[in-house]
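Single-structure report; data block below.
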Amino acid sequence: MMVRGAPFQENIVQSPDRPVLRSVAGNASDTSAAVSLDFPALFAQHFGYVWQTLRRLGVPVRDLDDVTHDVFLKVYHQLSQYQSPRAIKPWLFGFAFRVAADYRRLSRNRRELLEPSDEPQDTAPSAIERLVFAERLELALLALQDVELERRAVFILHELDECSIPEVAETLGINVNTAYSRLRLAREDFSKAARRLRSRRGER
22 MMVRGAPFQE NIVQSPDRPV LRSVAGNASD TSAAVSLDFP ALFAQHFGYV WQTLRRLGVP
82 VRDLDDVTHD VFLKVYHQLS QYQSPRAIKP WLFGFAFRVA ADYRRLSRNR RELLEPSDEP
142 QDTAPSAIER LVFAERLELA LLALQDVELE RRAVFILHEL DECSIPEVAE TLGINVNTAY
202 SRLRLAREDF SKAARRLRSR RGER
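If you want it as structure tokens, here you go:
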């Protein structure tokens, strides 16, 4: 797959299940202290995180590769704005959130369900265990789609990426009280959506 105008296209390798990168950074840690802002290394280390974040933010699987590269193009042009003491993942999330919001505005007349089969799965569990996991994952992803995007961003950062609320607020450019409020509402929305989906499936 070619990257439109990107200076890093030579690092892309496409697998049948999801984008995989030829590592140019070795097995570096995800901590900000270990991250070099050498762009190819940053891209290789965090492509998967941005890809998954965009998926959670509602970008359909068919467009994830292109939208992920759009995110990294913006990152590339703003590397000088990164402050080294800051955690790298919340900084990248900010780019992903803005790009996902733009994507949704351009395609709001188009709605589709996420395809659970495109989610990478561990091959160690049994077939039955993988099926149960896939069904739960599908439900969680579908429930996320019923959470308004700004609330969902807070939910993903705090509940899934394990960022503190002050980090969430800084990443999204909101005050701490607003972040707490959106988190509370997102939890309620997510729980209601999950219950509704389970009820449709005859589950409790």
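Numbers in my numbering are just positions in the sequence shown, counted from 1, shifted up by 21.
Virtual Cβ for every residue (Gly too), placed ideally from N, Cα, C.
Just tell me which of Arg217, Tyr103, Thr192 and Arg208 has its CA closest to the CA of Asp59.
Checked all of Arg217, Tyr103, Thr192 and Arg208; the closest Cα to Asp59 is Tyr103.
Would the beta-carbon of Phe114 fall within 9 Å of that of Leu178?
Closer than 9 Å, so yes.
Report yes or no: do the region 200-217 and the region 155-168 share at least 3 C-beta pairs separated by less than 8 Å?
At 8 Å Cβ cutoff, the stretches touch.
For Arg9 versus Leu85, is the C-beta spacing smaller than 9 Å?
The question about residue 9 has no answer, for the chain in this structure spans 22 to 225.
Within 10 angstroms of its Cβ, does Arg205 collect 16 or more other Cβ (buried), or is it exposed?
By the neighbour-count rule (16 or more Cβ atoms within 10 Å), Arg205 is not buried but exposed.
Cβ of Lys95 within 9 Å of Cβ of Arg126?
Taking 9 Å as the Cβ cut-off, Lys95 and Arg126 do not qualify as a contacting pair.
Helix, strand or coil: which one does DSSP assign to Leu78?
Three-state DSSP puts Leu78 in coil, outside helix and strand.
Between the alpha carbons of Leu100 and Arg208, how many angstroms are there, rounded?
Looking at the two C-alpha atoms, the distance is approximately 33 Å.
Starting from Gly194, follow the alpha helix (DSSP H) in both directions and report where the run begins and ends.
No alpha helix (DSSP H) holds Gly194; DSSP gives it neither H nor E.
State buried or exposed for Leu75, treating a residue as buried only when at least 16 other CB atoms are found within 10 Å of its CB.
Buried: at least 16 other Cβ atoms inside 10 Å.
When we look at the beta-carbon of Lys213 and count the other beta-carbons within 10 Å, is it buried (16 or more) or exposed?
Result: exposed.
Would you mind stating whether Phe176 and Arg203 have Cβ atoms separated by less than 9 Å?
For Phe176 and Arg203, yes; Cβs fall inside 9 Å.
Could you tell me the alpha carbon to alpha carbon distance between Pro81 and Ala121, rounded to whole angstroms?
The alpha-carbon atoms of Pro81 and Ala121 are separated by roughly 10 Å.
Do you know offhand how far Ala190's Cα is from Ala108's?
Answer to the nearest angstrom: the Cα atoms are 13 Å apart.
Whose C-beta lies closer than 8 Å to the C-beta of Trp112 among residues of the same chain, with five residues either side of it excluded?
Excluding residues within five positions, the ones whose Cβ falls inside 8 Å are Tyr103 and Thr192.
Between Arg83 and Ser105, what straight-line distance do the alpha-carbon atoms span, to the nearest angstrom?
Distance between the alpha carbons of Arg83 and Ser105 is about 34 Å.
From which residue to which residue does the alpha helix (DSSP H) around Pro106 run?
No alpha helix (DSSP H) contains Pro106, which DSSP labels as neither H nor E.
Do Ala117 and Val71 count as a contact pair if the criterion is CB distance below 9 Å?
Yes, these two residues count as a Cβ contact at 9 Å.
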